[in-house]
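Q:
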Amino acid sequence: MDLVDILIAIALIIASVLGLYLIKLIKRLFTTLDIVDNKVKELDEKLTPLLYDLQKMIDSGNTIANFAKEQTDYANDIIVNVKNKFGGFFVRKSDKASPQSNAHNLITNLRAIFKATTSFINELK
9 MDLVDILIAI ALIIASVLGL YLIKLIKRLF TTLDIVDNKV KELDEKLTPL
59 LYDLQKMIDS GNTIANFAKE QTDYANDIIV NVKNKFGGFF VRKSDKASPQ
109 SNAHNLITNL RAIFKATTSF INELK
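Counting from 1 along the sequence shown, just add 8 to a position and that's the residue number in my numbering.
Laid out in structure tokens, this is it:
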């Protein structure tokens, strides 16, 4: 045997070992994929009822929210009706404290003081 035959034999042995190792890796890959598939199925079996219950909870929450919205709309309608009937009797606090109303009140008071002073001076003459 010469050197080329020995190198070919070594190359064939290395190629067969690498082939067997590749087969072992592929088998391990399929085993891992089966485990992942089983875990995904278990997760799906656990999540499906949870999602169903969550959907029911959301539906009941929406029902409660709609009922509360209807009740607040009804209460707002009543308040608007009361304001329309008795609006002249109630003045908003913001209207009393606004800068425009304060300035208007000051001007009105100054006019009243001026008229009173003018009347008083005319009475003294």
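From the three backbone atoms N, C-alpha and C, an ideal C-beta is built for every residue, glycine too.
Pick helix, strand or coil for S68, following the three-state DSSP scheme.
A: Numbered from its first residue, the sequence shown carries residue 68 at position 60. The answer is helix: DSSP assigns S68 an H, G or I state.
Q: Going along the chain, which residues of its own chain have a beta-carbon closer than 8 Å to the beta-carbon of L132, five neighbours each way excluded?
A: Stepping through the sequence shown from its first residue, residue 132 is reached at position 124. Counting only Cβ-Cβ distances below 8 Å, and skipping sequence neighbours, we find nothing.
Q: Grouping DSSP H, G and I as helix and E and B as strand, with all else coil, what is D10?
A: Against the sequence shown, residue 10 aligns to sequence position 2. Reduced to three states, the DSSP call for D10 is coil.
Q: Which residues bound the alpha helix (DSSP H) around S106?
A: If you number the sequence shown from 1, residue 106 lands on position 98. Careful: S106 lies outside any alpha helix (DSSP H) and carries neither H nor E.
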